[in-house]
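Under my numbering, the first residue of the sequence shown is numbered 10, with each subsequent residue one higher.
A virtual CB, placed ideally from N, CA and C, is assigned to each residue, including glycine.
Right, one structure below, let's go through it.
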Amino acid sequence: MSVNSPVIGVVGGGQLARMMAAPAVEMGLELRCLAESADVSAVSAIVATTVGDYRDFATLNAFAETVDVLTFDHEHVPTEFLTELVARGVAVRPGPEALIYAQDKVKMRERIDELGLPNPAWRAVSSVAEVVAFGDEIGWPVVAKTPRGGYDGKGVAVLREKNDADAILEWFSSGQVLVEQFVPFERELSAMAARNASGDVAVWPVVHTVQVDGVCDEVYAPAPDLDATVAAAASEAARRIGSSLGIVGTFAVEMFQVGDSFLINELAMRPHNTGHWTQDGCTASQFEQHLRAVADLPLASVSVLGSGTVMKNILGGSNADLASMYASAWAAAPEAKIHNYGKSVRPGRKVGHVNMPISSNLESSLAKVREVVEIIREGKTP
Ligand SMILES: Nc1ncnc2c1ncn2[C@@H]1O[C@H](COP(=O)(O)OP(=O)(O)OP(=O)(O)O)[C@@H](O)[C@H]1O
Ligand SMILES: [Mg+2]
Numbered sequence: 010m011s012v013n014s015p016v017i018g019v020v021g022g023g024q025l026a027r028m029m030a031a032p033a034v035e036m037g038l039e040l041r042c043l044a045e046s047a048d049v050s051a052v053s054a055i056v057a058t059t060v061g062d063y064r065d066f067a068t069l070n071a072f073a074e075t076v077d078v079l080t081f082d083h084e085h086v087p088t089e090f091l092t093e094l095v096a097r098g099v100a101v102r103p104g105p106e107a108l109i110y111a112q113d114k115v116k117m118r119e120r121i122d123e124l125g126l127p128n129p130a131w132r133a134v135s136s137v138a139e140v141v142a143f144g145d146e147i148g149w150p151v152v153a154k155t156p157r158g159g160y161d162g163k164g165v166a167v168l169r170e171k172n173d174a175d176a177i178l179e180w181f182s183s184g185q186v187l188v189e190q191f192v193p194f195e196r197e198l199s200a201m202a203a204r205n206a207s208g209d210v211a212v213w214p215v216v217h218t219v220q221v222d223g224v225c226d227e228v229y230a231p232a233p234d235l236d237a238t239v240a241a242a243a244s245e246a247a248r249r250i251g252s253s254l255g256i257v258g259t260f261a262v263e264m265f266q267v268g269d270s271f272l273i274n275e276l277a278m279r280p281h282n283t284g285h286w287t288q289d290g291c292t293a294s295q296f297e298q299h300l301r302a303v304a305d306l307p308l309a310s311v312s313v314l315g316s317g318t319v320m321k322n323i324l325g326g327s328n329a330d331l332a333s334m335y336a337s338a339w340a341a342a343p344e345a346k347i348h349n350y351g352k353s354v355r356p357g358r359k360v361g362h363v364n365m366p367i368s369s370n371l372e373s374s375l376a377k378v379r380e381v382v383e384i385i386r387e388g389k390t391p
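As structure tokens, then:
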């Protein structure tokens, strides 16, 4: 078998790595994976998978030596390991000097302030007393976050009043905590973009995202009725963040819309749940775009096919065999594009998603996608 260059290595074997496999195959680019165990999502999709612990430098380095470009399925690789790989000449994309702002929410808030982009009121605090002082100053409720390691709402707590602050006492054992003003947002938005190693940036239309219990549930793309000025400003913010931070790859800027303005929530530097709609709603998916960007190839068009797409996640429910319901799901909506991560089903776990083209109107497509997800998740027709 001939191997085309560059060989791209992805650290982490979750569904994001898995979904890079399809465009890699289409483009004839070799993708290799360093997976945390033999039964994670990407293993059945990426032939060249090594099982190993990315928290062990020797393992990570050995994997890096087999590829031309190193990229990621998650943001948890220790920054100092990546810095060392860069010093050894590995093309790490995105590089540690950018990735740090997706790894550490305090550093991210500082950088967003420096760029003059809109942050909620925030403070890095070292004690419960400082949390209380912050809340008393800017008003309750406040939102507390662990700067590192959070995902899907883990490491995020809404503190309604000062007596709630004790609940996060143990968070201080691993250092500072980020506290933020509770933003009374109208909706959440995501501005996603990709930047290649040469510095070209392409920004997808801004989307409306719905989180339930801190977990992404639905995405409406493009964001319905978004004021053109807000959309342009949000896109420009994403472009500036990509260029100023020197991000390489696909990235997301999560935002809160408040009236005719927005505040930045956080950054993700990898393909993102709020970009899954691009798989069926754009010429090229965020996964193809990510591979192009890290391989320093020209970026794909970000124009929307048709009238847009609604995406809904499949979170684990009572049905353990998702594919057993495909016939019923497609009987209800043949246009549904079902994505299954091949993971074992556990309650609330992200196990797949469904993309539905917006045909006549958003409401009817949304009703359809909800019906399809319900069928697959619960294993019965409603
Ligand atoms: N300051 C805030 N005010 C109001 N709601 C907030 C605030 N910060 C976070 N949230 C809510 O909590 C959700 C999760 O927060 P955040 O995105 O910081 O956490 P995360 O666990 O890192 O998320 P992800 O799954 O995107 O990695 C947000 O999408 C939003 O719904
Ligand atoms: Mg988030």
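Original post:
What separation, rounded to the nearest whole angstrom, lies between the Cα atoms of tyrosine 229 and alanine 67?
Top reply: For tyrosine 229 and alanine 67, the gap between their C-alpha atoms comes out near 43 Å.
Original post:
Residues in its own chain within less than 6 Å of asparagine 282 by CB, not counting five upstream and five downstream?
Top reply: For asparagine 282, where only same-chain residues beyond five positions count, the Cβ hits under 6 Å are Cys225.
Original post:
Is the Cβ-Cβ distance between arginine 64 and proline 87 less than 8 Å?
Top reply: Less than 8 Å separates the beta-carbon of arginine 64 from that of proline 87.
Original post:
For glutamine 220, which residues does DSSP report across the bridge?
Top reply: Its beta-bridge partners are Cys225.
Subject >> Between the CA atoms of glutamate 344 and serine 333 - distance to the nearest angstrom >> reply: Approximately 18 Å between the Cα atoms of the pair.
**OP:** Just grab the DSSP bridge partners of proline 366 for me.
**Re:** Under DSSP, proline 366 forms a beta bridge with Thr318.
Original post:
Between the beta-carbon of glycine 18 and the beta-carbon of valine 76, is there less than 8 Å?
Top reply: Yes, the pair counts as a contact, with Cβ atoms nearer than the cut-off.
Original post:
Between asparagine 128 and ligand 2, is the CB less than 7 Å from at least one heavy atom?
Top reply: Not so, every heavy atom of ligand 2 lies at least 7 Å from the Cβ.
Subject >> Member of Phe90, Ala33 and Ile55 whose CA lies at the smallest distance from the CA of asparagine 70 >> reply: Closest option to asparagine 70, Cα to Cα, is Phe90.
Subject >> Closer than 7 Å: lysine 154 CB and nearest ligand 1 heavy atom >> reply: Yes, Cβ of lysine 154 sits closer than 7 Å to a heavy atom of ligand 1.
**OP:** Could you tell me if the beta carbon of glutamate 189 falls within a distance shorter than 7 Å of some heavy atom in ligand 1?
**Re:** Yes, Cβ of glutamate 189 sits closer than 7 Å to a heavy atom of ligand 1.
Original post:
Can you tell me whether DSSP reads phenylalanine 265 as helix, strand or coil?
Top reply: In the three-state scheme derived from DSSP, where H, G and I count as helix and E and B as strand, phenylalanine 265 is classed as strand.
Original post:
Are the region 186 to 201 and the region 282 to 301 in contact at 8 Å, needing three or more beta carbon pairs?
Top reply: Below 8 Å, enough C-beta pairs join the region 186 to 201 and the region 282 to 301 to call them touching: three or more.
**OP:** Thinking glycine 164 and lysine 154 are a contact (beta carbons under 8 Å), I'd like their distance in whole angstroms, please.
**Re:** So it is a contact: roughly 6 Å between Cβ atoms.
Subject >> Boundaries of the alpha helix (DSSP H) in which isoleucine 109 is found, first to last residue >> reply: Element bounds for isoleucine 109: 105 to 112.
**OP:** Mind reading off the beta-carbon distance from tyrosine 335 to arginine 27? Whole number of angstroms is fine, and I expect it under 8 Å.
**Re:** Contact between tyrosine 335 and arginine 27 fails: their C-beta atoms lie close to 18 Å from each other, not under 8 Å.
Original post:
For the region 358 to 368 against the region 202 to 219, are there 3 or more C-beta pairs whose distance is under 8 Å?
Top reply: The region 358 to 368 vs the region 202 to 219: no contact.
**OP:** Using 7 Å as the cut-off, classify the Cβ of asparagine 274 as near or not near the heavy atoms of ligand 2, replying yes or no.
**Re:** Yes, Cβ of asparagine 274 sits closer than 7 Å to a heavy atom of ligand 2.
**OP:** Say yes only if the C-beta of glycine 21 is nearer than 7 Å to one or more non-hydrogen atoms of ligand 1, and no if none qualify.
**Re:** No, Cβ of glycine 21 sits at least 7 Å from all heavy atoms of ligand 1.
**OP:** Pick out whichever of Gln266, Lys114 and Ser183 has its Cα sitting closest to the Cα of serine 136.
**Re:** Measuring C-alpha to C-alpha distances from serine 136 to each of Gln266, Lys114 and Ser183 identifies Ser183 as the nearest.
Original post:
How is the alpha helix (DSSP H) around lysine 154 delimited, first residue to last?
Top reply: That residue, lysine 154, is in no alpha helix (DSSP H); its beta strand (DSSP E) goes 151 to 154.
**OP:** Could you name the residues that DSSP lists as bridge partners for glutamate 393?
**Re:** Within the shown structure, residues of the chain are numbered from 10 to 391, placing residue 393 beyond reach of any answer.
Original post:
In angstroms, rounded to a whole number, what distance separates the CA positions of valine 134 and alanine 100?
Top reply: If I take the Cα positions, the gap works out to 35 Å.
Original post:
Mapping DSSP to helix, strand and coil, what is phenylalanine 191?
Top reply: Looking at phenylalanine 191 - three-state DSSP - the assignment turns out to be coil, as it is neither helix nor strand.
Original post:
Less than 7 Å between the CB of tyrosine 350 and some heavy atom of ligand 1, yes or no?
Top reply: Remark: the C-beta of tyrosine 350 is outside contact range of ligand 1, defined as less than 7 Å to any heavy atom.
Original post:
With respect to 7 Å, is the separation between the Cβ of tyrosine 335 and the closest non-hydrogen atom of ligand 1 below this value?
Top reply: For ligand 1, not one heavy atom lies less than 7 Å from the Cβ of tyrosine 335.
Original post:
Can we count glutamate 263 as close to ligand 2, meaning its CB is less than 7 Å from some heavy atom?
Top reply: Yes - ligand 2 has a heavy atom lying nearer than 7 Å to the Cβ of glutamate 263.
Subject >> Extent of the continuous alpha helix (DSSP H) run through leucine 69 >> reply: It spans 66 to 73 - the alpha helix (DSSP H) in which leucine 69 sits, taken as one unbroken run.
**OP:** Say whether the region 233 to 253 touches the region 262 to 272, bearing in mind that this needs 3 or more beta-carbon pairs closer than 8 Å, one atom from each stretch.
**Re:** Under the three-pair Cβ rule at 8 Å, the region 233 to 253 counts as touching the region 262 to 272.
**OP:** Taking 8 Å as the cut-off, decide whether the C-beta atoms of leucine 124 and serine 253 are in contact.
**Re:** The answer is yes: Cβ separation under 8 Å.
Original post:
Is lysine 116 helix, strand or coil when you go by DSSP?
Top reply: Looking at lysine 116 - three-state DSSP - the assignment turns out to be helix.
Subject >> Local Cβ density within 10 Å of valine 212, reported as buried at 16 or more and exposed below that >> reply: Within 10 angstroms of the beta-carbon of valine 212 lie 16 or more other beta-carbons, which makes it buried.
**OP:** Can you grab the Cα-Cα spacing for the pair phenylalanine 191 / glutamate 45, in whole Å?
**Re:** Distance between the alpha carbons of phenylalanine 191 and glutamate 45 is about 35 Å.
**OP:** Please work out which residues of its chain come closer than 6 Å, Cβ to Cβ, to alanine 293, disregarding the five sequence neighbours upstream and downstream, and give them in chain order.
**Re:** So the list reads Ala309, once near-sequence residues are dropped.
Subject >> Own chain partners of tryptophan 149 with C-beta closer than 8 Å, once the 5 adjacent residues on each side are dropped >> reply: Excluding the 5 residues flanking it on each side, tryptophan 149 has same chain C-beta neighbours closer than 8 Å at Leu168, Arg169, Glu170, Lys171 and Phe191, in chain order.
Original post:
So, is proline 32 buried or exposed, given that buried needs 16 or more other C-beta atoms within 10 angstroms?
Top reply: With 16 or more other Cβ atoms within 10 Å, it is buried.
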